[in-house]
Structures are given as C-alpha cells and as structure tokens.
Amino acid sequence: MAEGADMTFLLVSFKKFAIHGDTKATGKEMNGKNWAKLCKDCKVIDGKNVTSTDVDIVFSKVKAKNSRVITYEEFEKALQELAPKRFKDQSKEEALHSRYPADMSSVTAAANRGGRATVSQSVL
C-alpha cells in the first residue's frame, strides 16, 4: 500500500469521482458508473490488458452482494484485483506498487475537472 500523501490523494480522488454527477452523493460510496469513469479517465482501461468489461466484473466482485456501490476499502480491493492484469509484465508486488503514481496530483486534477488525467502511470 502507498503511504501518507499518496493515500490522501487517492482518497480525495475516490471522493471526487464518487460524487460526480450526483448532487445527493456523500463521497463515501461510489457507484459502478463512476467507477468505470474513474478507470477510463485515469487510463486504467487500456483496451488490451484491461477493458471496460474487466472493470465491471471487478466492481461486481468486490461490492457487497446486495449493494450497488463500493466503499473506499472495496475500491482499494478493486485496484488490487486490476493491478496484476493491468501490469502483466511485472510481478504481483511490482504491479500493486505501480497502481499508485509517484505524482497523484494529475489524478486529482482529473477528478477536479471531471475529465481525463494525463498520467504516465495509471491510478492502478
């Protein structure tokens, strides 16, 4: 797991994407549509190793059985599920480490403007 500031940026990004497009959202839970948007905007979905179908399957896998949303903890589990698939050329430990970019500010900037991030490494 990333430490300190990286985790803070990740949490801020989670909250911003969680409330995107929903005026009643609290930022504590994220729906599947916003999860897919986060993955697309932050370039987690690359079209080869990770597709939108993979993102949807992981969302369904980590959420509670009767729930339609994921919590921050489930969000972290989802990133752990996608990391080895997204970074196939790396060991599992390297893939998990790669899911947190060294500079999370561009991910947060994407969340702030509701658009795509230009990140050399994805949020995975």
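Counting in the numbering used here, the sequence shown runs from 910 upward without gaps.
All C-beta atoms in this analysis are idealised placements derived from N, C-alpha and C, irrespective of residue type, glycine included.
Three-state secondary structure assigned by DSSP to residue i
i	result
Asn-940	strand
Ala-934	coil
Phe-996	coil
Pro-1010	For Pro-1010, the predicted model reports a pLDDT of 49, less than 50, meaning its position is unreliable; a value from the coordinates is still stated below. In this structure, Pro-1010 counts as coil in the three-state DSSP scheme.
Val-953	coil
Val-959	coil
Extent of the continuous beta strand (DSSP E) to which residue i belongs
i	result
Val-978	978-980
Rounded C-alpha distance that separates residue i from residue j
i	j	result
Asn-940	Ala-934	10 Å
Glu-938	Asp-950	18 Å
Val-921	Tyr-981	10 Å
Asp-1012	Thr-917	Only weak support exists for where Asp-1012 lies, its pLDDT of 44 falling under 50; the coordinates are left without a value.
Ala-853	Lys-986	With the chain covering only 910 through 1033, there is no way to say anything about residue 853.
Leu-988	Thr-932	26 Å
First through last residue of the alpha helix (DSSP H) which encompasses residue i
i	result
Lys-974	It is not in any alpha helix (DSSP H) - Lys-974 carries neither H nor E in the DSSP assignment.
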